[in-house]
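The structure appears right after this line, and notes come after that.
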């Protein structure tokens, strides 16, 4: 009887391993979230996507340039965004800021507001002046009013770094 049970057990295990191989090794499956539920789908389907990004609030007061150097030395960059703006993630990250505003990777250069990744941001998007006066050409997020502001680049603020 032991031999038969062992043989049956091996047969069942072989069947399970074969099924798992067929499902997961011989085919590619990806995950998608819809209406709060995760589902597996074929990886050949195309859908909009997002990359996981970490925002790090640095509770040190630095000028915009100092913040940029710090982020590039210790993380990836001073934070910049793509649509849709992850405002809720910014809120949760900045609620312990020691300053009312935090530096971001937004700057007015060559006649336009741009993120550090060279993506142009129309001034009207953030209600920023289309031609700010010197030295108010660096972009900060006011964490109390939740507005974007142009600030003096020499002002010392906490800042948000991007960690990929």
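Residue numbers (mature numbering (1 follows the signal peptide of the UniProt record, and there is no 0)): -19 to -1, 1 to 145. C-beta: ideal position from N, C-alpha, C; glycine also.
Q: Determine the direct distance from the alpha carbon of residue 81 to that of residue 55, and round the result to whole angstroms.
A: 23 Å
Q | Candidates 15, 122, 117: closest to residue 135 by CA position | A | 117
**Q.** Sequence-distant residues of its chain with Cβ nearer than 7 Å to residue 146 (five each side left out)
**A.** The chain is shown only over -19 to 145; residue 146 falls outside these bounds and no answer can be derived.
Q: Measure from the alpha carbon of residue 75 to the alpha carbon of each residue in 87, 88, 60, then state which is nearest.
A: 60
Q. Ends of the beta strand (DSSP E) at residue 35?
A. 35 to 43
Q: Mark residue 78 as exposed unless 16 or more other C-beta atoms lie within 10 angstroms of its C-beta, in which case mark it buried.
A: buried
Q. Beta carbon of residue 96, beta carbon of residue 87: below 8 Å?
A. yes
Q) Just how far apart, CA to CA, sit residue 23 and residue 14? A) 13 Å
Q.
If you follow the alpha helix (DSSP H) that residue 106 is in, where does it begin and where does it stop?
A. 104 to 107
Q) Of the choices 144, 112, 99, whose alpha-carbon is the least far from that of residue 131? A) 112
Q: Could you check what DSSP says for residue 112 in three-state terms: helix, strand or coil?
A: coil
Q | Nearest candidate by alpha-carbon position, reference residue 114, set 142, 19, 92 | A | 92
Q. Based on the DSSP secondary-structure assignment, which residues constitute the bridge partners of residue 89?
A. 94
(Q) Does residue 11 pass the burial test, meaning 16 or more other C-beta atoms within 10 Å, or should it be called exposed? (A) exposed
Q.
According to DSSP, is residue 53 part of a helix, a strand, or is it coil?
A. helix
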